[in-house]
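Engineer: So the sequence shown is numbered by the numbering used here: it starts at 1 and just counts up by one.
Glycine residues also receive a C-beta, built at the ideal position from the N, C-alpha and C atoms.
I am attaching a structure below and will ask some questions about it afterwards.
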Amino acid sequence: MSKLLDRFRYFKQKGDTFADGHGQVMHTNRDWEDSYRQRWQFDKIVRSTHGVNCTGSCSWKIYVKNGLVTWETQQTDYPRTRPDLPNHEPRGCPRGASYSWYLYSANRLKYPLVRKRLIELWREALSRHSDPVLAWESIMNDPQKCQSYKQVRGHGGFIRSNWKELNQLIAAANVWTIKTYGPDRVAGFSPIPAMSMVSYAAGTRYLSLLGGTCLSFYDWYCDLPPASPMTWGEQTDVPESADWYNSAYIIAWGSNVPQTRTPDAHFFTEVRYKGTKTIAITPDYSEVAKLCDQWLAPKQGTDSALAMAMGHVILKEFHLDNPSDYFLNYCRRYTDMPMLVLLDERADGSYVPGRMMRASDLVDGLGEANNPEWKTVALNSTGELVAPNGSIGFRWGEKGKWNLEPVAAGVETELSLSLLGQYDDVAGVAFPYFGGNENPHFRSVRQEPVLVRQLPVKRLALADGSERMVVSVYDLVLANYGLDRGLDDCHSANNYNDVKAYTPAWGEQITGVPRRHIETIAREFAETAHKTHGRSMIILGAGVNHWYHMDMNYRGMINMLVFCGCVGQTGGGWAHYVGQEKLRPQTGWLPLAFALDWNRPPRQMNSTSFFYNHASQWRYEKLTAQELLSPLADPAKFSGHLIDFNVRAERMGWLPSAPQLNLNPLSVKASADKAGLSAADYTVQALKSGAIRFACEQPDSGHNHPRNLFVWRSNLLGSSGKGHEYMLKYLLGTDSGIQGEALGSSEGIKPEEVEWQSAAIEGKLDLLVTLDFRMSSTCLFSDIVLPTATWYEKDDMNTSDMHP
Numbered sequence: 001m002s003k004l005l006d007r008f009r010y011f012k013q014k015g016d017t018f019a020d021g022h023g024q025v026m027h028t029n030r031d032w033e034d035s036y037r038q039r040w041q042f043d044k045i046v047r048s049t050h051g052v053n054c055t056g057s058c059s060w061k062i063y064v065k066n067g068l069v070t071w072e073t074q075q076t077d078y079p080r081t082r083p084d085l086p087n088h089e090p091r092g093c094p095r096g097a098s099y100s101w102y103l104y105s106a107n108r109l110k111y112p113l114v115r116k117r118l119i120e121l122w123r124e125a126l127s128r129h130s131d132p133v134l135a136w137e138s139i140m141n142d143p144q145k146c147q148s149y150k151q152v153r154g155h156g157g158f159i160r161s162n163w164k165e166l167n168q169l170i171a172a173a174n175v176w177t178i179k180t181y182g183p184d185r186v187a188g189f190s191p192i193p194a195m196s197m198v199s200y201a202a203g204t205r206y207l208s209l210l211g212g213t214c215l216s217f218y219d220w221y222c223d224l225p226p227a228s229p230m231t232w233g234e235q236t237d238v239p240e241s242a243d244w245y246n247s248a249y250i251i252a253w254g255s256n257v258p259q260t261r262t263p264d265a266h267f268f269t270e271v272r273y274k275g276t277k278t279i280a281i282t283p284d285y286s287e288v289a290k291l292c293d294q295w296l297a298p299k300q301g302t303d304s305a306l307a308m309a310m311g312h313v314i315l316k317e318f319h320l321d322n323p324s325d326y327f328l329n330y331c332r333r334y335t336d337m338p339m340l341v342l343l344d345e346r347a348d349g350s351y352v353p354g355r356m357m358r359a360s361d362l363v364d365g366l367g368e369a370n371n372p373e374w375k376t377v378a379l380n381s382t383g384e385l386v387a388p389n390g391s392i393g394f395r396w397g398e399k400g401k402w403n404l405e406p407v408a409a410g411v412e413t414e415l416s417l418s419l420l421g422q423y424d425d426v427a428g429v430a431f432p433y434f435g436g437n438e439n440p441h442f443r444s445v446r447q448e449p450v451l452v453r454q455l456p457v458k459r460l461a462l463a464d465g466s467e468r469m470v471v472s473v474y475d476l477v478l479a480n481y482g483l484d485r486g487l488d489d490c491h492s493a494n495n496y497n498d499v500k501a502y503t504p505a506w507g508e509q510i511t512g513v514p515r516r517h518i519e520t521i522a523r524e525f526a527e528t529a530h531k532t533h534g535r536s537m538i539i540l541g542a543g544v545n546h547w548y549h550m551d552m553n554y555r556g557m558i559n560m561l562v563f564c565g566c567v568g569q570t571g572g573g574w575a576h577y578v579g580q581e582k583l584r585p586q587t588g589w590l591p592l593a594f595a596l597d598w599n600r601p602p603r604q605m606n607s608t609s610f611f612y613n614h615a616s617q618w619r620y621e622k623l624t625a626q627e628l629l630s631p632l633a634d635p636a637k638f639s640g641h642l643i644d645f646n647v648r649a650e651r652m653g654w655l656p657s658a659p660q661l662n663l664n665p666l667s668v669k670a671s672a673d674k675a676g677l678s679a680a681d682y683t684v685q686a687l688k689s690g691a692i693r694f695a696c697e698q699p700d701s702g703h704n705h706p707r708n709l710f711v712w713r714s715n716l717l718g719s720s721g722k723g724h725e726y727m728l729k730y731l732l733g734t735d736s737g738i739q740g741e742a743l744g745s746s747e748g749i750k751p752e753e754v755e756w757q758s759a760a761i762e763g764k765l766d767l768l769v770t771l772d773f774r775m776s777s778t779c780l781f782s783d784i785v786l787p788t789a790t791w792y793e794k795d796d797m798n799t800s801d802m803h804p
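See below:
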C-alpha cells in the first residue's frame, strides 16, 4: 500500500500473529526513521566560536549539511597543559550548544530594512534632485519631514529594500553631515573588539577614514574596573582561568563563576580536590555559593566596608602583631608604601596628605639630574633619603631603565616602610569618614566626619627654603584603617569589638556579616598567602563592579591582596572577569581598526560623557558634586552641576571631546589661512576670545550634537542603554517613559559651564543605522537595519583572557 494509506488505521494490512495472538508482524513503512538518521549526517565540519563577549572564546565543531548548520559540538583538541594542571577542555556552555537554532529562527534578519516614512521621503527627494547629497539636504531642511519619520521610531513600519538603495542613502547622509556640520557629528558604537575584532575594525576603520567618532565601550556598560587604572595605570590585566588551580585560597566576590564563566568553572571545582578553600561573597545564594566551603552574604553595595574590615584584621595580625617577613618585603619592593608624602596644614592645625615627595623637592635633588620631578623619595633602613628605582622618572629618562631591583643611586638598599623609630614628631593627620552618612537603604555608623589620627612624621628642609613634614604611605594606610600604633590616637581601635572605623565590629554593623566571620576569612586568607608566598586569589565580577562607587569596592579588595603580597604571583592576585578585554594581537590590529596607516590620531570619545551630554541626561540630574565631596574638601571650589566638571575636563584635555567645536572642524584651516595664522595658533586665539567654543558647552544650539549613528555588534538601546528613556526622547525624538522632572521645572542647580536652553532639542539623530543578524531592540528603533553574518558564517578573530 502507499505511504499515505499506511497512515490510516483501517487501511492497514493485518500482519501475521504469534504468541497466541499477543504479537503481530507489521508490514508498515519505516522510511520515517530516516529523518532521525539524517538528523546527524553532515557534509563537513567547520571550526568556529561565539563572538558574544562572554570571554569564553570556546572552540566548536560546526556540522554543515547542504550549506546549512545542523548542529555543533565542542572541540577537544586544545593543547595539553602541564601534567599537574587540568586541561582546558571541555570548553562550552548550553547557550553555545544551542546557537545553531538561532541562525534559522524567526528573529533572523535576511534583507535590508528601512523605515517606510523615511524611504518614501528619500525616493521623492531623489526624483527632484539628481545629486543624492542634495536630496538628503532637502529632507533635513524641512522640519516637518524630519519629524514625520523620527516620531515613529520604535513603532514598526519597516519595509524591505535593497543594498544599493540604502548604501546610497547612508553615503549621502554621511557626506551632507560632514560638509554641513563636520565629520565628528558622525559616530559609531560597537562593544569590546576582542570577541570579533575584524568585524569591529570594519566599522571603526570606515569611521576613522571619514574623521568620524569612535565611541568607547568598556567604560560605558560598566565592565571597566576603574580601580585598575587608578591603582596601576593598567586597564585590566588578569590571569587565565587555569591559574585558579594554582591557588591555595580563593574568594569569589560578586562573580557567579558557574553561570558567567561556565567553560572555566571546572578549574574552580577541581582546585578544591587539592585542598584549596573557596569562599563565596554574594548577597544572594547564587550558583557559586553552592560550590564554596563558606558563603558570606553582605548587604548589597557594602563590599568596600567588608573589604576594609578584613584589611584591618590583615594589617593588625600580619603587619603589626606578628609581622610576616614576606608581606613586609613585598610591600617594600613592589608598592609605593615606603614613599614619602608631604603634609599640608589645615586651618585648625591638623594636616592632610598632599602629594608625593619628589627628588626635585630637595636641595641636591639626591643627585638625580635626569627627571628628578618624576622620581619619588623614601627613607632607607639607615635613615637616609633615597630615590629608589621603579618610579616613572627612571623609565622615561635619557638613560631609561625601569626595574624594581632594590637599589638607589646604583647601591643596594632596603627601604623603610614606617617612620616609627626614626621620626621627629607626631602630627595629627585628618582622614575623611563616609560611613556615617544616613541613608534609608543602608546602615550607617555615626562618627566624626573627619577623623584626626596621630602619625609619626619627619621634618625636612626643601629646596625652596621651607621646612615640611613628611609621612610614609605605609603609615598613612595603617592610620586610615584605624590601627593603634601606640601614639595616643583616640580614634584608633583597641580591639576588634571596638565599633570604630574600620574594625570587624564596625564592618558587621554596616554589612550584616558577623564579625567572627570577617575575622576568620581575613585571617585564613592572609595566613595562606603567608605560607604560600601570595597564592591567595580574589575573583571579581559584575556583581561588584556594576555598583555606584565600584572603585572603592575594588580598591578595598586590591588593598587586601597587596597587604598579603598576592598581586603578580601565580595562583594569587585579583581576577576581574566581565568583558572579553584581552585583544592579544592589539599592536598589529590598531592600524587596521583606526586607519592609522592613513592618518593619526583617530577621533575617539568616551561614551559615558557622550550620552550623558547629548541624550540630555544632565538636564534631569539633581545630584550635586557637593553631595559627593570629602568632608576635607572646600565646597566653594565645587559649585555648579555635574555636567560642568565633564565640560571642564574636556576643555583641559583630561577627556576626549567629540563633537568637539561649535563649528565644522573642516572650516578651521580656511579661517586660519584668512587670518594669516597657523591652524594651531588660530584655534588657541579663537578659543581664548570665545569666537570658538567647545560643542559640549552648547549641546542644544542645533549645531553641536551628533547627527548620524552607526551601531554594530551591539544592542545599544536594549542591553547597553544607560538612560534608555532619555535616548528615546532626545536622540531619537520618539515616545519615551521619562518620569523625572527636568531642571527647568524644578529647583535643581543649573550648569555654570553649559548654556541652558528652556527647550532641549528632541530627535538629534538624523539617521540611526544598525547592523545585526537578529531583530534586536536597537533595530526596532533604527531607521535602517542591515543584515549581517552570524559568527558561524564569517571569517573573524576571537581572543580571550581566559585561555591561550
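Going straight from the alpha carbon of G512 to that of H546, what length do you get?
Structural biologist: Answer to the nearest angstrom: the Cα atoms are 21 Å apart.
Engineer: DSSP has H806 in a bridge; who is on the other side?
Structural biologist: Lying outside 1 to 804, the shown extent of the chain, residue 806 is not represented and no answer is given.
Engineer: Rounding to the nearest angstrom, what Cα-Cα distance links A378 and A542 in this structure?
Structural biologist: C-alpha separation (whole angstroms): 37 Å.
Engineer: Looking only at C-alpha atoms, which of F610, P665, Q757 and A575 sits nearest to R261?
Structural biologist: Looking at the Cα atoms, A575 is the closest of the given residues.
Engineer: Kindly provide the ranges of any beta strand (DSSP E) runs that are 3 or more residues long and lie completely inside the stretch 759 to 794, ordered along the chain.
Structural biologist: Entirely contained in the stretch 759 to 794, the beta strand (DSSP E) runs reaching 3 residues are, in chain order, 767 to 772 and 784 to 787.
Engineer: A171 lies in the alpha helix (DSSP H); which residues open and close that run?
Structural biologist: First-last of the alpha helix (DSSP H) with A171: W163 to T180.
Engineer: Tell me the residue span of the beta strand (DSSP E) that contains G188.
Structural biologist: First-last of the beta strand (DSSP E) with G188: V186 to F189.
Engineer: If you follow the beta strand (DSSP E) that C214 is in, where does it begin and where does it stop?
Structural biologist: That run of the beta strand (DSSP E) goes T213 to L215.
Engineer: Less than 6 Å between C-beta atoms, sequence neighbours within five positions excluded: which residues of the same chain meet that for A125?
Structural biologist: The answer, listed in chain order, is A135, S138 and I139.
Engineer: Looking at C-beta atoms only, is the number of pairs between the stretch 304 to 323 and the stretch 508 to 525 that lie closer than 8 Å three or more?
Structural biologist: Because the criterion of three Cβ pairs below 8 Å is met, the stretch 304 to 323 and the stretch 508 to 525 touch.
Engineer: Would you identify the three-state DSSP class for P83, choosing helix, strand or coil?
Structural biologist: Coil at P83, not helix or strand.
Engineer: Less than 8 Å between the CB atoms is what I'm expecting for K458 and Y423, so what's the real figure, rounded?
Structural biologist: Right, their Cβ atoms sit about 6 Å apart.
Engineer: Would you list, in sequence order, the uninterrupted beta strand (DSSP E) runs of no fewer than 3 residues that lie entirely inside the stretch 462 to 492?
Structural biologist: As far as the stretch 462 to 492 is concerned, its whole beta strand (DSSP E) runs of at least 3 residues are 467 to 472.
Engineer: At 3 residues or longer, what runs of the beta strand (DSSP E) sit wholly inside the stretch 669 to 719?
Structural biologist: List check, beta strand (DSSP E) in window: 708 to 712.
Engineer: Look up F442 in the DSSP assignment and give the residues it is bridged to.
Structural biologist: Paired residue(s): N439.
Engineer: Let me check understanding here. Comparing Cα to Cα, which of E270, A227, A252 and Y221 lies closest to A242?
Structural biologist: The shortest Cα separation from A242 among E270, A227, A252 and Y221 belongs to E270.
Engineer: Residues bridged to N380 by DSSP?
Structural biologist: The partner list for N380 (beta bridge, DSSP) reads L415.
Engineer: With a Cβ-Cβ cutoff of 9 Å, do Y433 and Q447 count as a contact?
Structural biologist: Yes, the Cβ-Cβ distance between Y433 and Q447 is below 9 Å.
Engineer: In this structure, does DSSP put R358 in helix, strand or coil?
Structural biologist: Of the three classes helix, strand and coil, the one that applies to R358 here is strand, per DSSP.
Engineer: For Y104, does the three-state DSSP call read helix, strand or coil?
Structural biologist: In the structure shown, Y104 sits in coil (DSSP, three-state: anything other than H, G, I, E or B).
Engineer: Let's see if you can read the secondary structure: which residues bound the beta strand (DSSP E) around K531?
Structural biologist: Looking at the DSSP string, K531 is not in any beta strand (DSSP E); the run it does join, the alpha helix (DSSP H), is R515 to T532.
Engineer: Got a sec? Which residues, its chain only, sit under 7 Å from L320 by beta carbon, not counting five neighbours each side?
Structural biologist: The answer, listed in chain order, is L483.
Engineer: Leaving out five residues before and five after W71 in sequence, what residues of the same chain have Cβ atoms less than 7 Å from its Cβ?
Structural biologist: Within the same chain, W71 has close Cβ partners Y63 and S100.
Engineer: Judging by CA-CA distance, which residue of N246, M550 and L419 is the nearest neighbour of Q569?
Structural biologist: Ranking N246, M550 and L419 by Cα distance to Q569 puts N246 first.
Engineer: Using the beta-carbon count (16 or more within 10 Å), is P193 buried or exposed?
Structural biologist: The residue is buried, with at least 16 neighbouring Cβ atoms inside 10 Å.
Engineer: Can you give me the C-alpha to C-alpha distance between S48 and N66, rounded to a whole angstrom?
Structural biologist: If you take the alpha carbons of S48 and N66, they lie about 18 Å apart.
Engineer: Is L420 helix, strand or coil when you go by DSSP?
Structural biologist: Note: L420 maps to coil in three-state DSSP.
Engineer: Could you have a look at E755 and say whether DSSP puts it in helix, strand or coil?
Structural biologist: Coil.
Engineer: Mark V684 as exposed unless 16 or more other C-beta atoms lie within 10 angstroms of its C-beta, in which case mark it buried.
Structural biologist: With fewer than 16 other Cβ atoms within 10 Å, it is exposed.
Engineer: Once the 5 residues before and after E621 are set aside, which same chain residues still bring their CB inside 6 Å of it?
Structural biologist: These residues qualify, in order along the chain: L642.
Engineer: Give me the Cα-Cα distance between M560 and G311, rounded to the nearest whole angstrom.
Structural biologist: When rounded, the distance between both Cα atoms is 5 Å.
Engineer: Taking the alpha-carbon positions, what's the Y548 to E120 distance?
Structural biologist: Those two C-alpha atoms are separated by around 46 Å.
Engineer: Run the CB neighbour count on G763, radius 10 Å, all protein chains shown included, and call it buried at 16 or more, exposed below.
Structural biologist: Buried, by the Cβ-count rule.
Engineer: Compare the Cα-Cα distances from R521 to each of V429, N437, W253 and G301 and report the closest residue.
Structural biologist: Reading off the sequence shown, one finds Ile at residue 521, where the question assumed Arg. For the residues V429, N437, W253 and G301, the minimum Cα distance to I521 belongs to W253.
Engineer: Specify, as a first and last residue, the run of the beta strand (DSSP E) that T70 falls within.
Structural biologist: T70 -> beta strand (DSSP E) spans L68 to Q74.
Engineer: Identify the residues that DSSP records as bridge partners of I250: which are they?
Structural biologist: According to DSSP, I250 bridges with T278 and M537.
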